[in-house]
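In the working numbering, the protein residues as written are 0 to 302.
Even for Gly, the Cβ is constructed at its ideal location relative to N, Cα and C.
Predicted model only: the values in this text are computed from it and were never measured.
So the structure is just underneath, and the comments pick up after that.
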Ligand code: NDP
Ligand code: OXD
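Quick look at the structure:
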């Protein structure tokens with residue numbers, strides 16, 4: 000269930016409005032645990048699964064599933080799905096395009112100029128190459144939006160599959176070839192054992208001088224202690240971070256006050272409860288009829 004109890008209750012009501020046959024309960028008031036076949040989870044407590052002997056399906060209330068696929072206590076016969084609606088990908092695309100526009104055009108400086116009544120136009124070069132790490136549901140939406148505003152886009156993904164003419168790279172050598180070309184690197188990977196700690200010192204040293212790093216994947220993609228020395232060397236020149244190893248980011252964390260870091264509190268894209276309810280009901284229906292589930296996660300692969 001979503002983190003805030005009021006959101007969880009609203010989701011349960013939306014689910015029941017869509018299908019009166021579903022008995023949607025809000026944890027911890029789960030009723031008879033033997034009756035529970037499907038759970039919608041987000042940052043669930045440890046040791047939850049063993050109480051539900053007839054569980055068949057867990058739906059993540061969002062796109063990331065690392066806390067589910069990484070949970071050794073979740074029985075192997077339980078399927079995992081993600082809840083990804085169109086609004087999530089649009090929200091992510093808007094966030095990335097806005098972050099790049101803000102960095103290149105210096106809106107923060109114009110705001111300061113406005114406070115001082117100062118007319119001070121500054122030029123910027125239009126050509127910008129963006130490397131998107133992960134070209135899945137979020138990454139491919141971001142790619143389309145970046146292209147629509149004229150950026151050159153490079154994409155890195157596990158399979159290396161091409162995406163509508165975007166130059167595609169894969170593997171460590173592909174990443175190393177793409178990095179020096181990019182003015183902006185956007186991390187939109189799922190968190191798996193292969194991607195954890197990918198954003199670290201060696202990768203930063205291959206980035207362009209004064210480039211921009213945007214991490215909207217997961218906090219554990221970034222080796223935090225490597226970032227400030229990298230920013231001091233100018234590779235990258237600035238970082239926009241939406242996700243952190245510890246959330247909320249601790250008050251005394253050095254990232255808060257760093258002039259080359261922009262922080263947002265894990266809001267790049269938010270799951271729309273209405274759209275989520277539709278997905279959940281659809282997967283419930285498919286579970287009952289034995290059809291293929293929507294956005295089924297490959298638990299072995301980790302995403
Ligand atoms: P998808 O599963 O649709 O796509 C994942 C992409 O990552 C795929 O292109 C996949 O490659 C690629 N990938 C996976 N492992 C590797 C690897 N080892 N090397 C290279 N590429 C790899 O996920 P989504 O796009 O829906 O979401 C991505 C992540 O974004 C989520 O897991 C979550 O962490 C984060 N997120 C953050 C939000 C926020 O508000 N900050 C909101 C929503 C999502 P291939 O295509 O070849 O399989
Ligand atoms: C998600 C997220 O994975 O909000 O959906 O981070």
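With distances taken from CA atoms, which of the options is nearest residue i?
| i | options | result |
| --- | --- | --- |
| residue 247 | 218, 180, 168 and 225 | 218 |
| residue 97 | 279, 280, 224 and 211 | 211 |
| residue 5 | 18, 29, 15 and 25 | 25 |
| residue 249 | 67, 236, 175 and 264 | 264 |
| residue 260 | 299, 284, 227 and 170 | 227 |
| residue 125 | 271, 183, 12 and 255 | 183 |
| residue 222 | 70, 270 and 244 | 244 |
| residue 297 | 189, 236, 8 and 179 | 189 |
| residue 225 | 23, 16 and 198 | 198 |
| residue 181 | 162, 58 and 236 | 236 |
| residue 86 | 73, 289 and 272 | 272 |
| residue 159 | 171, 81 and 255 | 171 |
| residue 164 | 146, 268 and 176 | 146 |
| residue 200 | 220, 215, 52 and 291 | 220 |
| residue 19 | 300, 286, 280 and 295 | 280 |
| residue 138 | 31, 208, 88 and 116 | 88 |
| residue 239 | 254, 8 and 262 | 262 |
| residue 32 | 54, 15, 17 and 44 | 54 |
| residue 91 | 268, 290 and 288 | 268 |
| residue 2 | 56, 61 and 84 | 61 |
| residue 209 | 286, 257 and 103 | 103 |
| residue 283 | 241, 254, 149 and 81 | 81 |
Taking buried to mean at least 16 other C-beta atoms within 10 Å of its own C-beta, is residue i buried or exposed?
| i | result |
| --- | --- |
| residue 302 | buried |
| residue 275 | buried |
| residue 168 | buried |
| residue 123 | exposed |
| residue 11 | buried |
| residue 175 | exposed |
| residue 306 | Nothing about residue 306 can be read from this structure; the chain reaches only from 0 to 302. |
| residue 290 | exposed |
| residue 65 | buried |
| residue 63 | buried |
Which two residues bound the contiguous beta strand (DSSP E) that contains residue i?
| i | result |
| --- | --- |
| residue 155 | 151-155 |
| residue 58 | 56-59 |
| residue 126 | Here residue 126 belongs to no beta strand (DSSP E), and DSSP marks it neither H nor E. |
| residue 37 | 37-40 |
| residue 147 | Residue 147 -> not in any beta strand (DSSP E); alpha helix (DSSP H) instead, spanning 136-147. |
| residue 214 | 211-214 |
| residue 237 | 237-240 |
| residue 78 | 78-80 |
| residue 259 | Taken as a continuous stretch (DSSP letters only), residue 259 belongs to no beta strand (DSSP E), as it is neither H nor E. |
| residue 183 | 183-186 |
Considering only heavy atoms of the ligand OXD, does any lie closer than 6 Å to the CB of residue i?
| i | result |
| --- | --- |
| residue 92 | no |
| residue 138 | no |
| residue 323 | Because residue 323 is not part of the residues shown, which for the chain are 0 to 302, the question remains open. |
Start and end of the alpha helix (DSSP H) containing residue i?
| i | result |
| --- | --- |
| residue 201 | 200-204 |
| residue 277 | 272-288 |
| residue 67 | 65-68 |
| residue 166 | Run containing residue 166: none in the alpha helix (DSSP H); it sits in the beta strand (DSSP E), 166-168. |
| residue 96 | 85-104 |
| residue 10 | 4-17 |
| residue 227 | 223-232 |
Got a sec: does the ligand NDP put a non-hydrogen atom nearer than 6 Å to the Cβ of residue i?
| i | result |
| --- | --- |
| residue 215 | yes |
| residue 187 | yes |
| residue 144 | no |
| residue 134 | yes |
| residue 193 | yes |
| residue 302 | yes |
| residue 66 | no |
| residue 158 | yes |
| residue 241 | yes |
| residue 268 | yes |
Less than 6 Å between the CB of residue i and some heavy atom of the ligand MN, yes or no?
| i | result |
| --- | --- |
| residue 2 | Among the ligands modelled here, namely the ligand NDP and the ligand OXD, the ligand MN does not occur. |
Checklist entry - How do the stretch 44-54 and the stretch 70-80 stand: do at least 3 beta-carbon pairs fall below 8 Å, yes or no? => result These segments touch.
Item to check | Contact the stretch 232-239 vs the stretch 202-209: 3+ CB pairs below 8 Å | outcome: Taking a cut-off of 8 Å on C-beta distances, the stretch 232-239 touches the stretch 202-209, as three or more cross pairs fall below it.
Checklist entry - Does the stretch 184-195 touch the stretch 36-44, meaning 3 or more C-beta pairs lie closer than 8 Å? => result With a cut-off of 8 Å, the stretch 184-195 and the stretch 36-44 do not count as touching, because too few Cβ pairs lie within range.
Checklist entry - So, do the stretch 154-172 and the stretch 132-144 have three or more beta carbon pairs nearer to each other than 8 Å? => result Yes: at least three Cβ pairs fall under 8 Å.
Next on the checklist: Pairs of beta-carbons, one from the stretch 63-74 and one from the stretch 89-108, closer than 8 Å: are there three or more?
Outcome noted: No, because fewer than three Cβ pairs between the stretch 63-74 and the stretch 89-108 fall closer than 8 Å, the two stretches do not touch.
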